[in-house]
Every structure is written in C-alpha cells, then in structure tokens.
Amino acid sequence: MKATRTVQKILSYYEADNPGVKGALCRMLMHGKLGGTGKMIILPVDQGFEHGPARSFAPNPAAYDPHYHFQLAIDAGLNAYAAPLGMLEAGADTFAGQIPMILKANSANSLIPAEAPKDQAITASVDDALRLGCSAIGFTIYPGSSAGLEMFEEISEMREEAAAKGLATVIWSYPRGEALSKDGETAIDIAAYAAQIAALLGAHIIKIKLSTDHLELPEAKKVYEEQKIDISTQAARVRHCMQAAFNGRRIVVFSGGAKKGASSVYDDARAIRDGGGNGSIIGRNTFQRPREEALKMLSDLIDIYKGKA
Amino acid sequence: MKATRTVQKILSYYEADNPGVKGALCRMLMHGKLGGTGKMIILPVDQGFEHGPARSFAPNPAAYDPHYHFQLAIDAGLNAYAAPLGMLEAGADTFAGQIPMILKANSANSLIPAEAPKDQAITASVDDALRLGCSAIGFTIYPGSSAGLEMFEEISEMREEAAAKGLATVIWSYPRGEALSKDGETAIDIAAYAAQIAALLGAHIIKIKLSTDHLELPEAKKVYEEQKIDISTQAARVRHCMQAAFNGRRIVVFSGGAKKGASSVYDDARAIRDGGGNGSIIGRNTFQRPREEALKMLSDLIDIYKGKA
Amino acid sequence: MKATRTVQKILSYYEADNPGVKGALCRMLMHGKLGGTGKMIILPVDQGFEHGPARSFAPNPAAYDPHYHFQLAIDAGLNAYAAPLGMLEAGADTFAGQIPMILKANSANSLIPAEAPKDQAITASVDDALRLGCSAIGFTIYPGSSAGLEMFEEISEMREEAAAKGLATVIWSYPRGEALSKDGETAIDIAAYAAQIAALLGAHIIKIKLSTDHLELPEAKKVYEEQKIDISTQAARVRHCMQAAFNGRRIVVFSGGAKKGASSVYDDARAIRDGGGNGSIIGRNTFQRPREEALKMLSDLIDIYKGKA
Amino acid sequence: MKATRTVQKILSYYEADNPGVKGALCRMLMHGKLGGTGKMIILPVDQGFEHGPARSFAPNPAAYDPHYHFQLAIDAGLNAYAAPLGMLEAGADTFAGQIPMILKANSANSLIPAEAPKDQAITASVDDALRLGCSAIGFTIYPGSSAGLEMFEEISEMREEAAAKGLATVIWSYPRGEALSKDGETAIDIAAYAAQIAALLGAHIIKIKLSTDHLELPEAKKVYEEQKIDISTQAARVRHCMQAAFNGRRIVVFSGGAKKGASSVYDDARAIRDGGGNGSIIGRNTFQRPREEALKMLSDLIDIYKGKA
Amino acid sequence: MKATRTVQKILSYYEADNPGVKGALCRMLMHGKLGGTGKMIILPVDQGFEHGPARSFAPNPAAYDPHYHFQLAIDAGLNAYAAPLGMLEAGADTFAGQIPMILKANSANSLIPAEAPKDQAITASVDDALRLGCSAIGFTIYPGSSAGLEMFEEISEMREEAAAKGLATVIWSYPRGEALSKDGETAIDIAAYAAQIAALLGAHIIKIKLSTDHLELPEAKKVYEEQKIDISTQAARVRHCMQAAFNGRRIVVFSGGAKKGASSVYDDARAIRDGGGNGSIIGRNTFQRPREEALKMLSDLIDIYKGKA
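As structure tokens, then:
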C-alpha cells in the first residue's frame, strides 16, 4: 500500500532512521481505519501485569483469553496492538500479519513493595520482538524515580539494538517517584518534560498521559508564567506537549487512564486531535467494556480523529 | 508415541514456540501413567536446598540417595522429575532416557539471613540442562519481594535462551516478601496474580500453590466482590487460576506443601481436577513416606486425575 | 582544507592518537569562522534534558525545533554543534556534512530525586556517533560525587572505544556532589583540578566552567598561598587552568552558564582569550535570544577570539 | 597407573562428568601414599591470605617460601596441594607434574571491615588453573552470609566452565554470617547442610569442618530429635555428613582448623575414617610445625587412613 | 643487552610467566643506571589525580608539562616511569622507546566524598598499555576498605589479561579503610600483609610503603611477640616484608611518601637496600624539587643502591 502524503511527511521527520525502522512506522501508520491519516489508535494490554488478572479482566471475562484482544484490535481497525511477551506469544501465530504488534519489553506489577524504587523489569528482548513479527518494542521509563537513570540506560541500549534490527521504539514516559508529588505526575510541565525526555532518548513514538494545568517545578512555573505559555485547555496542553516532542517531529499518543464514561473519552480524543496530537493508546476503556460497546466506542474515536465527530 | 488429541490441543496453545519446545512439552505430557491425558504429576526434590538434608530426608533415609528419587518417579509412572543440578548429575546417566527431567535452575535455602530480600541463587545453566538431557528448566520467582523484578529479568533471559535451545520453562510462581502478609502468600487474588505473571513471563508450565479464600489486595478485593467471582471452594479457586493462566492456554500444576494426611492430598487433587487444573507437583508428601506408601499414594492420585477416584 | 600551522601545532600535542582522531579534531578546529585560529566556539544544546523543554526553549519558541540549532550553528560559523541523540537524529540528514557534530552521550535531568547521587545516564553509544556522522562524543563527569568514580570508568571505556573508531572525546568536567560546597563547584582550585582530571582521563577537548577566586580545599589553599599562584583575575584563572590541562597541551573550552547580559558574555570571552584558553561552549546565551541577536553575539565573540574586539 | 576398584567405584558416582573431570579426580585419588585407597590428604596453604604472613609462617619461617609447601606435600606423599594463584605460580614450573594442584580461586583476608558481609574475592580464573597444570579449582562459599547467594552464583558459573575444560571443583562449604551464631558455624545440622549445599551445587570434592553435637536451627533440631539421628560421636557426625553428601556419592574431606596437639589431630582422622569420610585437608597443623615433625604427623595420618593406626 | 646473572636469577623466580612478561620485567631491570643490579628506581607521577595539579606541580611549575617527567626519568637514568593514561599519551610518541613505561590503570582523587568507601576508578585498559608501548600496568589495591574485595577482583582479571599479552603487573598495595586505624596504615604487620596479598594476587612487582614498628592487629601482635620477629629498625622491617613477598621471590619497591629532607630520603634508601628490598618508587621527592636538585638526589640514590654511599 502506497503511503499517503501525510504519512510520508511524518516519516520524513525520522531522518536518521534506516528503511527497516521507517517501514515499521509506516506499517503502523498505514494500518487500520486511521491508516494514512497520520493519526493512530493503539490497544495496549499490560494491565494483567500492572494490576493483576481480576482487576483487569473480570469486568469482561472474555478478556482473560489473549485471543480476545488481538481480535478486538483487528475488528476495530486499530493501528497496532501492544502487550507483554506471554500475551503476544499466545496469539502471534493465529493472528500473524493481521495487526502490527508492539512487544512491551518491560513491566511493573502491584506486588512490588511500596518502599522499593519505582522501576520495571525487562521481560522480553528485541530478538523476541523479531521472532514474533512485531513492528516495535515498547518500554516504560519513570523520570522522577531513583531508578530513572538506569531505566534510561536500559532503553537506550535496547533502542539502539531494535533500530539496528529494523524495529521502531515506543516509549511510555511516565514521571513517577521520589522527585514528584502525586499531582506532579500529571502536571503539564512534567508532561511536556516527559515528552522531551522520550524524544531525546530517541523514541519513535512517545506515549504520555494527558495533563492538568498544575505546574510542579518552581523553576519551570516561573518560565510558564513569564512566557505566558497557554495551558488553559487540554487541547492547549496537548499542543504544548507536541512542541516538546521536537515541535511535532515525533509521533505522540496519549493514554486514557482508568475506565470512565464514553463522553469523557471522546472529549479527550477531541482535545488530542485539536492540539495536534497523533492519537490515543486506550486499554481499560475498551477491553473492560462488553465487546460490542468497545467496538462502538473505538469506531466513534476513529470518527473523531477523522474529524467527523 | 503419537500425541493424543488432548495433548495436541494443549500443544496448539503454545503457538509461538518452536518444535523443540513443543517436543519437550509433548515428552512430558505423553510420559508415564497420565501420558496423553493432559494431566501431569511431577516429582520435585529441591528440599535439600530449601530445608536442608535432615528435615528433607531423615523421615525416609533411603531418600538421601539421589537415585532413590529417579527410581520413585519412574516406578510411579510420573510425568517428570525436577531437581537441582547436583541431584540430577548424580543419576543422569543411570536413568538416562527413563524419565523427563526438569533442571531446577535457581534455589534458596534456610541459611539466608532473615533480613535479606527474598531471593534465590541461579545454580545451573540452560547448557547444563541440555548436557544432562533435560526437557525443561525450572525457575522460582518471588512476586512481592524487593528482589522480584530482578528475578523476573533473570528468568526472562534464561527462558529466551532455553526456548531457543528447545527446552520448556517451568516457573514456580511463589508470591513472598515485603509486599505480602503471611496469609497473603496463599490468598486467591495473589495466587491468580502469580499465575498471570508467570504466563506473561512466557512460562510453558506454571507452578502455583493452592489458595485460600482470603483476598489480600484491597483494590483486588473490591473487584472480586463487585464481580462476584466464585472463590468459595478449592475447585472454584483452581478454576479462577486457570482463567488467569490465559484462560487455560497454559499448563498449571499445583504444589502440595508440607507433608500431610493422604485424604487431604486426595482432596487437593480432586479440586485441581474439578477446577480444570493440569495436575500436581508433589514432593514431601511422597518422598518423606516409605516407598511403598508413596507409590500407593501416587497411584491413587493418578486414578483421581484419570477420573477413577 | 590544509590545516594552518596553529592547528598543526595543536594536533601535534595529541601524540598518541591515531589519524582518525586527529582528523576529527582537525575538522572541528578548521571549521567555521574561527577555523584555523586554534580557537573554537561550540553550540551545546542539552538543556532540554537538563532543565526541561519550557525552561530551555520557551523564551525563543523557534528553538523547540531541533533544526533551529543546526541552522544557528551553521549560520553563525561555529566550530561544532553538541547535542543528545534525539536532537541530532532529528536533523542529522538534513544538515549532513554542514557542521561537525558532538554526540552528548550521557545526560542528567531535573527530575532526579534530590537525595540521589549526582549522576547521569548513558543515553547514546559510540556507534550511534559513527552512524550519525559525528566527529566526537561528549561526556559529563561529576568529580566530587559519590558516583564520580563510576562515571570515570564509564568515560574511560567509552573514550577507548571512540578513539579506536576515530572519534575525539570531549569531557564536560563539572565538579559537583557531596564532597563540595556550592561555592566550591566554581572555586579555582576545583576548576583546575577538574581540567587535570579530564586531561588524565584522556579527553581531547576539556570543557570546564569559568571560576571564582574562592579556594575550596584546605590542603590546596595552603599551596596556592605559599606558591603565590595568581588567581586574581578571570584571565589569570584561565591561564592556571590551561597549566592544569597539561600546560596547554589539551584544548580547553569554557562554558558560559545561565543567560546573562551581552557585555558579561564578552568579558568572559576576552578573559578566556587573554588567559590562553581555546574558546567557548555557549548554549543558553545564544539559543534563548532571538536568532538575529544570537547571530550578532556570536559574531562579536568570533571577533573577540580573533583579537579584533 | 591403573585405577583401583575402590577408585573406579568412586569415579562411577560422578556419572554426569566428562572424562576430563574424571581423569582429574582420578589423578588426585591415585596420587601419593593414599593413592588408590579412596582416602585423601590435601595440603591447603591459603592462610597467608586469610590470616596474613606472620601469623601463618613465622612459627616455621621456612614456610614463607612457596617452594616449601610443594616440597612438603610431595615428600609427605599427599594427594594434592591447594593454594592461591601467587603461591602456585611461584613453584608451578619447578614442581610441574610432581603433585596434583588445586587452584584456590577465591580468598578472604583479615583486613575486611568487620561490618562488611562475609564474602571472598575471586582472585584467579579457570584458565589460570589450566595454564598452571592444576587438576581442580577450589572455591569457598559462606552459606548463612548475606553474600551467600551471590557466592553460589559465582561458583556455579565457574564450576560449569571448569568442568567443561576438564577440571574438578572442590567447594570449601563454610557456613558463616548473619544467619548463624558462633556455635552454629560448627553445629552438626549446619555441617550436614553445608555438605548438602556443596553437593547440590555440583562440587566434586566437598570440604567441610568437623562438627559438634550442637543443633542450630530449631526446625532441624526437632527432626534430629524425632528421628533420633545419631550425632553423639564425631564418627557418627561424619557419617551423617556423608549421608548429606548424596549418601556418600560425593568425596568429602574434613578440615582440621587451628594448630593443636598431635593426638587430637589423630583422633579427628580416626573419626573421619570410622564415619566413612574420605580424608583430611590439613594446613596449619602441618606447615606450622617443623618439617620433620610435620612429615611424621602426615605419615601417621596416612597410617590411620590405611587402617594401620 | 644480555641480562646479568642477578637479573636472570630474579627472572627465574617468575617461573609461571611467559617470555612476554619476563621480557617486560627484564627491560625494566636492565634499564638505566641501576640496570643489571637487581635494584630499581621508578618515577611515579599520579599525584595530579590524587592531590590535584597545584598541590602536585606548583612547587616546580615546569612539572605541569607531561614531557617534564619523561625527560626527568630518562636523564636521571631510572628504570621506569609510571603515570595515568593522559600523562603517558601526552609524551608517548616523543619519548617512544627511551624509558620503560608503567600505565597506572586505576586512580583515586581528593574530591571523593569522605564517607564513600576507599576505592579507585579504572581509568585505562590493558590494550591502552599495549598501544602506548608500556612494559607493565600499575594498579592500586586498598586492603582494609569495604571496596577491597572488589578491587582484588578487578586487578585479578586485569593481571590475567595483561600477563597473557606480555605485560607485567605492578600492584600498589596500600592498606586503607574502615578496618584500619591511621597508624595501622603504616604498621609493620599491615605492611607485610600488604606485600603478601599483592604477591598472592600475582603481582610481578609489589609497591608498599615503608613501615613503623607499630603492630595493628591483636592476633598478629601476639605472634610477632611470641616469635620475636625483629621489627626494631627500618632495615629489619624491610627484610620482614621481603619474607612476606614469597621470601624474596617477588620484586618489592618502597614508596617515599610526601616531600621531605634529602637525608631522610637517603636513610630510607639505605634501609631498603640493607633489608634486601629492590628499590624505590619516588615521586614528589623528585619532581617537586628543582630539576637539578632532583637529578642530584636521584644520582645519590643510585649510588646508595649500588652500595657506593
């Protein structure tokens, strides 16, 4: 399938990347109902690791089965499906070639002692991603944690290997840890900083959270106020984060967080769209709903990103 | 030996695995008196490491000899025998080809200072397993320990190497450590979580403990109650754990714990069977009994798994 | 382009280096408006990592775009442009061959918990530098930090690899950490020590801060007073630092620090020149000003280093 | 030299080992005055590391010279000589081929701060052992120390390499550290546990201390009392330790400890012999005595192991 | 140049070393005015790292230039010159082949926080030493530090690599750290222990400090008194240290410490000579004096070692 101009434009920003990586990005950008628009919706299913199976899947027990999620992402016409090793292995053959896959290569869980540094374990390799036919690896960093620098070193090495082997890298940039207050984790200065760090580390796709208008760091607060940076609306904040992502030269998708009402999900998507963001990475809000309801929501989101809603 | 349909069905779930790993799983599933049924009984003898020799073997001194356990597993018609390096080396030639072996690749002991993080030492390699003719490696993880993430990283690397070399991986998923209360170690939410983590890490066979109806994590408790998840009986709890093991796409065996009365052991097995579990991994309850008594018990257990008792 | 005598003289000091490294140094020394003079101005843009995007770029929003900095360095006729991986990747192709590049291979950030040891993460490799067409790698060390020795080991290994592959090494030697008071970080004894350590570690180009006449270490203070070392003026202090850089056998550039008035920037440059330093590495004072103003300032600095102002 | 039946029997227990390792064991078992009896006396000289030179050698100053110990082991007709790298290097050529050598590959010393975890440094490699013509490597583990698991991992890796290269492994299993009381270090339950751990780690020869009838671990004490395990005499305790060494399938030698009276040394040897142990590893009690006295004592010990005294 | 009998005798003690290492030792022993005598004077210049540039070189500013030290060592007719990477690189070509070089491969500095473990950073590699044409690597260990065991492991690995590549190893054995009092650092029992440890680690040349008659370790004190070890004079203490260096089978040179009066330096050398030591490693006492004065002193020292003064 020939890449659209929009997609070719985006690919042109990745000017230091080899054809393998560009091809992987292109596959994701051209796949599904948003294919060719430069917008993306990705289904991530790592909550089994993060929150455990019952909290993740009991509200919609069909979702205990790894095949469920492949099928959901395919049927909804999403751009890609992201999950840890075991989840992908359990369906990689059945669904081979039907949906671009992102191997989530590190993971945390709810059984980590509270006093331990915020950190994740590397639970899959670049070669695993190749072997399973993935288009990208995914990796979480926790800027703000005492384990943060080490996580940066891990993804730097892994990214280099992945890129050399023709895989794109998606960085989940989630500020967390001793350096931050709870409000700070979603503050706009922190969100923009998170996007910047991921970009500097060489992420091809950056995943951050939507932010509030809280400003966490006093030194930053001063600059936001002096320079009158507009952070008054979600769309404005998305726009600011896109600036921090090399002035839009990097793809940024925004995560949805815990399950909530559909209209709230739609509002988020409109803000992402209006702020120039590239799309959503949306897990619990889809797979915890009954399948038909989830398909409907995803269809609506696609319409929003297409500017039809 | 041609694999039965049941075994072929199980093997089909391991869709990302190479023929070497599937062959290793098949050898274990087709071996012994339960061969072909999809059920398994495994004899594990790592208590010499865990509790020391006298606590493990003095009740039945013949068991000090490593040959004893090979012979017991063979004579009882079990599916596999699991032990640390030294134990396997001491009989690997005499019993070569007579019983599938699982090399337990990490081990703890009772001399670790109480204040140290719950952890194990890696005491054997994948190449050791190949050299000894094993079908799988075994590895313990302690979700809940401050060493947990590091253990996940260790087994992730080892599993990748083992699978590339045609060996299956059995994960002993034993929640333990600072994050958990004593009751929490056997709580049903924790047991299901343990199964899920092992599955996500890519375990081919998951070993967890039977659980109680205690719920440890407040966030999880809420979901169990809201969703009215049935955890009222041992069989129901086994069934829930099988859900957590990719809806039954992964083999799960349950461990027996300390020596206890035969009827209690049989009750456990019936619950495992009725809940859809794949079988038992049973050590002290067999090798600490006199040989004839142990053979009788294992024969009874086989009957239970065959649905005859 | 034939190297000038001045540059040949400087290159002759690197007597243990292979032609690859000498060629890389020569490219930087011969490039731009100061080419051939033995003086250098380098544009470093790692503040996005260090201080976050808004504090770095909001005063001059065009600077959010990585291309801006390449163009600024090229248009101003500087010797080299230094930045982290992501920044270079975003423009490496567009500007290929137009400006010598230094890949800043480690980075800190403002989200590191205050109580953590002063340290940086390695976020790029020597092979990344080769792949992007860089002339050098850049690396920060923090003498005075409890992580200092480890940083020395990291750069020692990286320098060896870089030199073997024909890349020069620039060391940012920034004393910081438990061993130093705030004033001590810019004390003259510490600045000279920082230059000496970088030289001993094998730096080809040393970046230190301009210093004050404060003396931090009591043992050193005694010697400075006994030997009547002249530290009364900035030029004298630069001269002393050049002594510490193997009596001028190593290139030393001085950093400018936070944004300040133009005349203050010019005074600094005159002191560097008069003290025999090799030049400036100047970031915030240029890219945080409007482009025309920055170009004017850089032009003035070039004149100063040429002895015309 | 043809191996005796006794030695062939012992070698047959090492059923997973390659001919290289069996050959190395055979060389030690067939060497010296006890050659062929299945009994061994080994001279270990690592006290220079452990206690320093004066405490080790001043009582018999000839022993400062590394050649002294080679000659002593040869003249006394011992099975093997064990020492750290430097000691072996200083005589390896002069005495090449005259006595099987064991390279002690890790070492502690009396200058380690008291509050540091009980640990040793790896001070030689498997390749060093090959290069020097050794038959085995020696390695100390400290079960009970917070560094214990790490030591297990070190020897597991080193043992695998050594065995692949045809060298046997001798493990000095010395319980020590935070988990143990001073009395516990020589308690019989701990000694048996130490033997078991070394066997499980794959030691070909196990070195433990003679024990007392103290029982350290409450859980173990209960079993010893319930099962009425005989620990009343030193010979009985040796017998119990041989059980713990895979029911005698592994060679166990017992160490003598600090210098003491000859009759006490002889009593120890008789207990080892009567309990079915394989022999002594005896350092200070020989090299701290005048040479003639030491040769006499070793001759007497050989007679004891031959059943003549 | 044919090695003298004295040198051949010394080389014969290194009986496990390959011709490469013996050749390197021979080069140093046969070089300079003491060539062939079995005595050595080495110029070490690592004070720039240890104490900073001003404390090291301000008393004799010509010494800021790395060339100064090469020339001094050559003109004085010393056996070898030892320095960190940067210092050697700055003169390695100019002085190639004119003086045997020792690459000091690890280094400490005065900016390490006081509460950090006494440790050094590895700042050069064996391959660096080969590339620069060195005859040996130099490495400091701190027995008595909580980082001591790790330093032993570092030098053990590096020594093995160096020896395999034909380079000798010089160990600076400097007891220091939590286990020792200030007086203990130069106590005779500790000095002898330091020599022994370096010898056991496989040092070809051992560098220790001259000692006092203080006895630090109670267990050792008892033995020194019981055995009436003569430690009454510096010569006697040197003699005892030579015993601890495998009864003189290893070359031991003694360091001079801080700058002091010439007669005191000469007294030290006579004690070293009379006690059978191999010579001096003397830095600050030479390069901190005016060049002519330093040459005079070195000439006098050479006469002392030749027995002429």
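Chains as they are written, first to last, in the numbering used here: chain A, 548 to 856; chain B, 548 to 856; chain C, 548 to 856; chain D, 548 to 856; chain E, 548 to 856.
Yeah, the Cβ is synthetic: ideal placement off N, Cα and C, and Gly gets one too.
{"Item": "Since Ile-659 of chain D contacts Gly-685 of chain D with CB under 8 Å, what's their CB separation in whole angstroms?", "Value": "Contact doesn't hold; Cβ gap of about 19 Å is too wide."}
{"Item": "Are the C-beta of Ser-672 of chain B and some C-beta of chain D separated by less than 8 Å?", "Value": "yes"}
{"Item": "Going along chain D, which residues have a C-beta under 7 Å from Ser-657 of chain B?", "Value": "Leu-764"}
{"Item": "Could you check what DSSP says for Leu-590 of chain C in three-state terms: helix, strand or coil?", "Value": "strand"}
{"Item": "In three-state DSSP terms, what is Lys-651 of chain B?", "Value": "strand"}
{"Item": "Mapping DSSP to helix, strand and coil, what is Ala-629 of chain A?", "Value": "strand"}
{"Item": "Does any CB atom of chain D fall closer than 8 Å to the CB of Phe-793 of chain E?", "Value": "yes"}
{"Item": "So, is Thr-780 of chain A buried or exposed, given that buried needs 16 or more other C-beta atoms within 10 angstroms?", "Value": "exposed"}
{"Item": "Quick check on Ser-810 of chain C: buried or exposed, where buried means 16 or more other Cβ atoms within 10 Å of its Cβ?", "Value": "exposed"}
{"Item": "Who are the near neighbours of Gln-743 of chain C in its chain, counting only those whose CB is closer than 6 Å to its CB and skipping five residues on each side?", "Value": "Ala-791"}
{"Item": "Buried or exposed, going by whether 16 or more other CB atoms sit within 10 Å of the CB of Arg-552 of chain C?", "Value": "exposed"}
{"Item": "Using a Cβ-Cβ cut-off of 8 Å, state whether Thr-641 of chain E counts as contacting chain C.", "Value": "yes"}
{"Item": "For the alpha helix (DSSP H) that Ile-557 of chain B lies in, which residues bound it at each end?", "Value": "552-560"}
{"Item": "Which chain C residues sit within Cβ distance under 8 Å of Gln-667 of chain E?", "Value": "Leu-696"}
{"Item": "Following the continuous beta strand (DSSP E) through Gly-854 of chain B, name the residue where it begins and the one where it ends.", "Value": "Looking at the DSSP string, Gly-854 of chain B is not in any beta strand (DSSP E), and its letter there is neither H nor E."}
{"Item": "Whole angstroms is fine: what's the gap from Pro-513 of chain E's alpha carbon to Leu-848 of chain D's?", "Value": "No answer is possible for residue 513 of chain E: the residues shown for chain E start at 548 and end at 856."}
{"Item": "Chain D partners of Gln-743 of chain E, CB-CB under 7 Å?", "Value": "Gly-595, Gly-599, Pro-600"}
{"Item": "Opposite Lys-874 of chain D in the DSSP bridges: which residues?", "Value": "Only positions 548 to 856 of chain D appear in this structure, which leaves residue 874 of chain D out of reach."}
{"Item": "Ser-703 of chain A versus chain G: which residues are under 7 Å apart at the beta carbon?", "Value": "Absence of chain G from the displayed structure is noted, the protein chains being A, B, C, D and E."}
{"Item": "Could you give the residue range of the alpha helix (DSSP H) that holds Ala-683 of chain C?", "Value": "Counting along the chain, Ala-683 of chain C falls outside any alpha helix (DSSP H), though it belongs to the beta strand (DSSP E) covering 683-688."}
{"Item": "Tell me the DSSP secondary structure of Gly-826 of chain C in three-state form.", "Value": "strand"}
{"Item": "Measuring only the C-alpha atoms, how far is Asp-564 of chain B from Lys-651 of chain C?", "Value": "41 Å"}
{"Item": "Residues of the stretch 766-799 of chain D with a CB closer than 7 Å to any CB of chain B: list them in chain order, please.", "Value": "Glu-766, Ala-767, Val-770, Tyr-771, Gln-774, Ile-776, Gln-790, Ala-791, Phe-793, Asn-794, Arg-796"}
{"Item": "Leaving out the 5 sequence neighbours to the left and right, which residues in its chain are closer than 7 Å to Gly-583 of chain D when beta-carbon positions are compared?", "Value": "Thr-551, Thr-553, Val-554, Met-577"}
{"Item": "Roughly how many angstroms lie between the CA atoms of Lys-855 of chain D and Gly-567 of chain B, to the nearest whole one?", "Value": "57 Å"}
{"Item": "Out of B:Lys-580, B:His-787, B:Ile-589, B:Gly-830, point me to the one whose CA is closest to Arg-602 of chain B's CA.", "Value": "B:Gly-830"}
{"Item": "Could you have a look at Phe-801 of chain C and say whether DSSP puts it in helix, strand or coil?", "Value": "strand"}
{"Item": "Candidates C:Thr-641, C:Ala-694, C:Lys-580, C:Gly-570: which alpha carbon is nearest Gly-826 of chain C's?", "Value": "C:Lys-580"}
{"Item": "Helix, strand or coil: which one does DSSP assign to Thr-733 of chain B?", "Value": "helix"}
{"Item": "How far does the alpha helix (DSSP H) with Ser-703 of chain D in it reach, from first residue to last?", "Value": "695-711"}
{"Item": "Return the chain-ordered list of same chain residues with a C-beta closer than 8 Å to the C-beta of Ile-669 of chain E, the five sequence neighbours on each side being excluded.", "Value": "Ala-652, Asn-653, Glu-701, Met-705"}
{"Item": "Kindly list, in the order they appear in chain D, the residues whose Cβ is closer than 7 Å to that of Ala-746 of chain E.", "Value": "Gly-633"}
{"Item": "What's the call for Met-575 of chain B, buried or exposed, on a 16-neighbour Cβ count within 10 Å?", "Value": "buried"}
{"Item": "Do you know offhand how far Lys-754 of chain B's Cα is from His-614 of chain A's?", "Value": "23 Å"}
{"Item": "How should Gly-808 of chain B be labelled, buried or exposed, when 16 other C-beta atoms within 10 angstroms of its C-beta is the threshold for buried?", "Value": "exposed"}
{"Item": "Tell me which residues of the stretch 676-696 of chain C have at least one Cβ-Cβ distance to chain E shorter than 7 Å, keeping chain order.", "Value": "Pro-690, Gly-691, Ser-693, Gly-695, Leu-696"}
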